[in-house]
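This report refers to the structure that appears directly beneath it.
Protein chains in written order, with the numbering used here: chain A, 553 to 666; chain B, 41 to 149.
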């Protein structure tokens, strides 16, 4: 079975650009999460979907970050416009749907904004 | 909001020594997971243990639900165990994941 896949693995953007990160959850999983990971802040939740419905939008990240789940097997995270402080690793995770389930993480997208 | 505290923040061992990592959380967990992340690598689930004791290989996790704490014991550490160990709490009502800041483990040969 394929795990969580994320593309691209690396992205370099200039300040002000729009970038779109992609995630495919484990087949059959109903919950999908987007996280940002930095050394200073650790892991921060950006968005949480259950059965394609947005359950949590990460509060502070509403402004320039928008996650969408177009269908049960594909999600995007758009950052518009990018800023240098957005440089981080963006992780996507999925789980079957019951809160007790294990979460599975993708390899992440390493974003550098110049 | 929910808090997950991990200790120690970092740990240095000689190969062969045992490690004990702690995780304390502020509200009831429906799931408690330990993840491993190698330097620059992705997150790998080690153990899912909302209560009781679980073993896998050289790893043992003990979660005491009523006391809102969990531990991860690594026996006979190896240099390849070096990395960051994260405790992840799933809220009982919300399903939301909260991550600890991790314990950075370095095992020297």
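Glycine included, C-beta positions come from ideal geometry on N, C-alpha and C. Fair warning: this is a prediction, and the values are worked out from it, not measured in the lab.
Close Cβ partners of residue i (< 7 Å) along its chain, the five nearest in sequence each way excluded
| i | result |
| --- | --- |
| residue 55 of chain B | 117, 118, 119, 147, 148 and 149 |
| residue 630 of chain A | 570, 572 and 618 |
| residue 122 of chain B | 145, 146 and 147 |
Contacts that residue i makes with chain B (C-beta to C-beta distance below 7 Å)
| i | result |
| --- | --- |
| residue 600 of chain A | 136 |
Chain-ordered chain B contacts of residue i [CB-CB under 8 Å]
| i | result |
| --- | --- |
| residue 585 of chain A | 137 |
| residue 656 of chain A | 85 |
| residue 595 of chain A | 126 and 139 |
Residues that residue i bridges to, as DSSP identifies them
| i | result |
| --- | --- |
| residue 640 of chain A | A/663 |
| residue 136 of chain B | Answer is none; residue 136 of chain B lacks a bridge partner. |
| residue 145 of chain B | B/51 and B/123 |
Residues that residue i contacts on chain B, provided the C-beta gap is smaller than 9 Å
| i | result |
| --- | --- |
| residue 632 of chain A | Result: empty, since nearest Cβ-Cβ is about 25 Å, beyond 9 Å. |
| residue 611 of chain A | Under the 9 Å cutoff, chain B gives no residues; its nearest Cβ is about 10 Å from residue 611 of chain A. |
| residue 659 of chain A | 81 and 82 |
| residue 643 of chain A | 82 and 83 |
Residues near residue i by beta carbon distance below 8 Å, same chain, minus five either side
| i | result |
| --- | --- |
| residue 109 of chain B | 62, 63, 64, 65 and 103 |
| residue 96 of chain B | 86 and 87 |
Proximity to residue i [Cα-Cα], best of the options
| i | options | result |
| --- | --- | --- |
| residue 660 of chain A | B/77, B/141, B/45 and B/86 | B/77 |
| residue 44 of chain B | B/74, B/91 and B/59 | B/74 |
| residue 67 of chain B | B/50, B/52, B/51 and B/135 | B/135 |
Close-in-space but distant-in-sequence residues of the same chain around residue i (CB under 6 Å, 5 per side omitted)
| i | result |
| --- | --- |
| residue 57 of chain B | 117 |
| residue 648 of chain A | 581 |
| residue 565 of chain A | 571, 634 and 665 |
Listed by chain order, chain A residues near residue i by CB distance under 9 Å
| i | result |
| --- | --- |
| residue 73 of chain B | 654 and 655 |
Buried or exposed by the 16-neighbour rule on C-beta atoms within 10 Å, applied to residue i
| i | result |
| --- | --- |
| residue 626 of chain A | exposed |
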